[in-house]
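Top to bottom, those sequences are chains U and C. All the letters of the first sequence, read from the start, carry residue numbers 1 to 128 under our numbering. All the letters of the second sequence, read from the start, carry residue numbers 1001 to 1366 under our numbering. Note that the Cβ used here is the ideal one computed from N, Cα and C, for glycine as well.
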Amino acid sequence: MKSERKSLLAALSKMKSEGFDYLVKITAIDYVDHMDVVYMIRSIGDIESSKDEIVELSLKPTDLWLPTVTNIFPAADWYEREMSEMFGIDIKGRNASRLLLEKWDGTGYPLRKSFAWDAPYKTSEDKK
Amino acid sequence: MTITRINVGPVHPSTGGVVRFVVDLDGDTIVNVEPHIGFLHRGVEKLAETRMYMQIPPYTEKLDYVAPMAYNDAYVGAVEAAMGIEPSERAKHIRTILLELQRIASHLFSIGLLSNDIGQMFTVFMWAFKDRDMVLDLLQEATGSRMFYVNMRLGGMQRDLPPDFADHTLDTIKYIEKRMFEYAKYMEKNPVFTERMKGVGILSREQAKELGVTGPVLRASGVSYDVRKNNPYYMYEKYHINAKTMQTGDNFARYKVRILEIQESVRIIKLVLKGLAGSEGKAEGMPVKLRSPNPVNRISIVRRELPRGECTMYLVADSQKPYRLSIRSPSFINLAAVSHISKGARFADFFGILGSLDFVIGCVDR
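In structure tokens form, the structure reads like this:
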């Protein structure tokens, strides 16, 4: 299901009221000219029934921010933090928290396509 | 109220890997837990974008070094879905058997360490590791390796099972089945074990869903969701699995679900072994070459039930390499719930809670 940033919270709230109350994962994909963010949600039925749904939206590389969905799905907390560290997507509306993965010496956002994977790793000793 | 702050880790025998917890205590009661992860971050998702498809299984295996084959299967399954390859009937039988054996080995590992964590020292630990070794013997017989297997190929396995494998497996799982009753008798009648397990670290059904926990942790809170049952794959389509649930959501329920799942795995392996002899098709998959067939699907989403919970592979496929591989690891989200679960518990019970969550740090950090 396609969504947009301004209608994201309303769409997710609506789906949650329809029984999709389990968040599987939030992830992002960098397509260079735009960035896709994917919310995988699930409705776990009572007996032997479950439905999976995907809500996705596109962001422009110059305008990378999203509202937090932790008020709807508390499970989103670590996924949002990981996504903002790995892709540099600013998550607005959440309390400032420390880095989820421990601080490292490099700069940039590792899972973006512009991040060179084979750049020689520099420690803080090397930089002095 | 005075808050005492205690640092646990990064290297600690009960944390199952390199992870640090900052625990805030009021007297002996836990007020807050802040897990610090990332010490074992290897960037597997980024590495996957730089390797050819069949160069990646050795990396995905090392995510969960207690159940490597299960992770491998999830990755190879995603690539197969992207390329539109369907494994043969025989390969499906073999995968189901080996994956269930891997689940038994992993659960035994977890039960053994858990009993150590709560102070029931060494007896169950030695039992579990001895029994796990017998399962590893079987996996070695089938794959040639005890720890890292790399035996999944596109459309099948690296090689067929050896001729006596079915008999050996049957002997071993009958023994394991008998042992499970002994474990239960020994542990559940022991006050050292029950007093520290029952009613400790309770996670309610609603909380479990909200926090998104998965696998045995979710089922111990009474939510009946198992990928093998709800989105069946391989032989689970034919031989239906029963999702084992408990209602209490405490440490004891999480332990008990694992015992029940081992028994369920034994049942499924027996059924699949019966069908193995008559299964058609070639067990061997495509040999590993650098160039693989071109994918037909741009995006494939594959769900698998690993011993620790559900893994979702979100694969965006390019011609010879993944464009993006996003891994939903079960331990990551189970560890995120540790703060909620241990609030209000005593500090001495914290390690029992960690043990019952059964996370592997390689899987958390990726």
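Quick check on this structure: which residue in the options has the alpha carbon closest to the alpha carbon of residue i?
i, options, result
"L1273 of chain C", "C:E1049, C:D1171, C:V1213, C:I1262", "C:D1171"
"K113 of chain U", "C:T1050, C:N1334, C:G1212", "C:T1050"
"L1098 of chain C", "C:L1114, C:V1150, C:T1060", "C:V1150"
"Y1236 of chain C", "C:R1328, C:F1181, C:E1305", "C:E1305"
"Y1225 of chain C", "C:M1246, C:K1238, C:Y1234", "C:M1246"
"Q1102 of chain C", "C:D1073, C:M1121, C:A1081", "C:D1073"
"R1095 of chain C", "C:G1017, C:A1283, C:I1259", "C:A1283"
"F1109 of chain C", "C:D1131, C:E1089, C:A1091, C:P1293", "C:D1131"
"L1211 of chain C", "C:F1350, C:E1045, C:A1337", "C:A1337"
"R1258 of chain C", "C:G1112, C:P1191, C:Y1239, C:H1012", "C:G1112"
"M1344 of chain C", "C:V1033, C:V1011, C:H1012, C:R1020", "Correcting the residue type first, residue 1344 of chain C is Gly in the shown sequence and not Met. The shortest C-alpha separation from G1344 of chain C is found at C:V1033."
"Y1053 of chain C", "C:V1076, C:S1329, C:L1138", "C:V1076"
"Y1314 of chain C", "C:R1308, C:P1307, C:Y1323", "C:Y1323"
"I1269 of chain C", "C:N1007, C:G1017, C:H1168, C:P1035", "C:H1168"
"G1362 of chain C", "C:D1028, C:L1335, C:P1287, C:A1348", "C:L1335"
Which first and last residues belong to the beta strand (DSSP E) in which residue i is found?
i, result
"A28 of chain U", "22–30"
"D1137 of chain C", "That residue, D1137 of chain C, is in no beta strand (DSSP E); its alpha helix (DSSP H) goes 1123–1143."
"I1301 of chain C", "1299–1306"
"P1322 of chain C", "1322–1328"
"H1036 of chain C", "1029–1036"
"P67 of chain U", "65–67"
"Y1314 of chain C", "1309–1317"
Can you give me the start and stop residues for the alpha helix (DSSP H) that residue i sits inside?
i, result
"R1267 of chain C", "1251–1276"
"D1026 of chain C", "Segment 1020–1026 is the beta strand (DSSP E) holding D1026 of chain C; no alpha helix (DSSP H) there."
"G1077 of chain C", "1068–1083"
"M1197 of chain C", "1191–1197"
"M15 of chain U", "8–17"
"S1339 of chain C", "1338–1342"
"S1356 of chain C", "1350–1357"
"R1228 of chain C", "1227–1230"
"Y1059 of chain C", "1057–1061"
"I1118 of chain C", "It is not in any alpha helix (DSSP H) - I1118 of chain C carries neither H nor E in the DSSP assignment."
"P110 of chain U", "No alpha helix (DSSP H) holds P110 of chain U; DSSP gives it neither H nor E."
"E1206 of chain C", "1205–1211"
"A1220 of chain C", "1216–1220"
"G1362 of chain C", "1361–1365"
Contact defined as beta carbons within less than 8 Å: I believe residue i pairs with residue j. What is the distance between those atoms, to the nearest angstrom?
i, j, result
"G1285 of chain C", "G1156 of chain C", "3 Å"
"G1249 of chain C", "L1203 of chain C", "4 Å"
"V1364 of chain C", "S1342 of chain C", "Their Cβ separation, rounded to whole angstroms, is 16 Å, which puts V1364 of chain C and S1342 of chain C out of contact at 8 Å."
"K2 of chain U", "L57 of chain U", "7 Å"
"D1117 of chain C", "G1352 of chain C", "6 Å"
"I26 of chain U", "Y79 of chain U", "4 Å"
"T1312 of chain C", "V37 of chain U", "Not confirmed; about 16 Å, so no contact."
"Y1239 of chain C", "L1271 of chain C", "5 Å"
"E72 of chain U", "S7 of chain U", "The sequence shown places Ile at residue 72 of chain U, rather than the Glu named in the question. Not a contact, Cβ separation roughly 13 Å."
"Y1071 of chain C", "E1061 of chain C", "6 Å"
"V1019 of chain C", "I1030 of chain C", "Wrong, their Cβ atoms sit about 16 Å apart, outside the cutoff."
"A1166 of chain C", "S1106 of chain C", "Not a contact, Cβ separation roughly 22 Å."
Return helix, strand or coil for residue i, following the three-state DSSP convention.
i, result
"N945 of chain C", "Lying outside 1001 to 1366, the shown extent of chain C, residue 945 of chain C is not represented and no answer is given."
"T1096 of chain C", "helix"
"Y1183 of chain C", "helix"
"D90 of chain U", "strand"
"K133 of chain U", "This structure does not reach residue 133 of chain U, given that chain U is present from 1 up to 128, and the question cannot be answered."
"D36 of chain U", "strand"
"R42 of chain U", "strand"
"E1086 of chain C", "coil"
"K1282 of chain C", "coil"
"T971 of chain C", "Summary: the structure shown does not reach residue 971 of chain C, with chain C confined to residues 1001 through 1366, and so no result is reported for it."
"M1152 of chain C", "strand"
"K2 of chain U", "strand"
"L1161 of chain C", "coil"
"S988 of chain C", "Because chain C is modelled from 1001 through 1366, residue 988 of chain C falls outside the range shown and cannot be assessed."
"L57 of chain U", "strand"
"R1346 of chain C", "strand"
"L101 of chain U", "strand"
"V1044 of chain C", "helix"
"H1012 of chain C", "coil"
"Q1102 of chain C", "helix"
"S1224 of chain C", "coil"
"K1178 of chain C", "helix"
"M1147 of chain C", "coil"
"F1039 of chain C", "coil"
"M1246 of chain C", "coil"
Handout entry: Segment contact flag, the region 1144–1156 of chain C with the region 1215–1224 of chain C, C-beta cutoff 8 Å, min 3 pairs
Key = Counting Cβ pairs under 8 Å, fewer than three are found: no touch.
Practice task
Could you tell me whether the region 81–97 of chain U touches the region 58–66 of chain U, where touching means 3 or more Cβ pairs closer than 8 Å?
Solution key: The region 81–97 of chain U, when compared against the region 58–66 of chain U, does touch it at the 8 Å Cβ threshold.
Exercise for the section: Flag this pair as touching only if the region 1251–1265 of chain C and the region 1119–1126 of chain C have three or more C-beta atom pairs under 8 Å; answer yes or no. Expected result: Judged by Cβ distances under 8 Å, the region 1251–1265 of chain C makes no contact with the region 1119–1126 of chain C, as fewer than three pairs qualify.
Problem - Contact between the region 1077–1093 of chain C and the region 1289–1302 of chain C (3+ Cβ pairs under 8 Å) - result: Output reads yes: the region 1289–1302 of chain C touches the region 1077–1093 of chain C.
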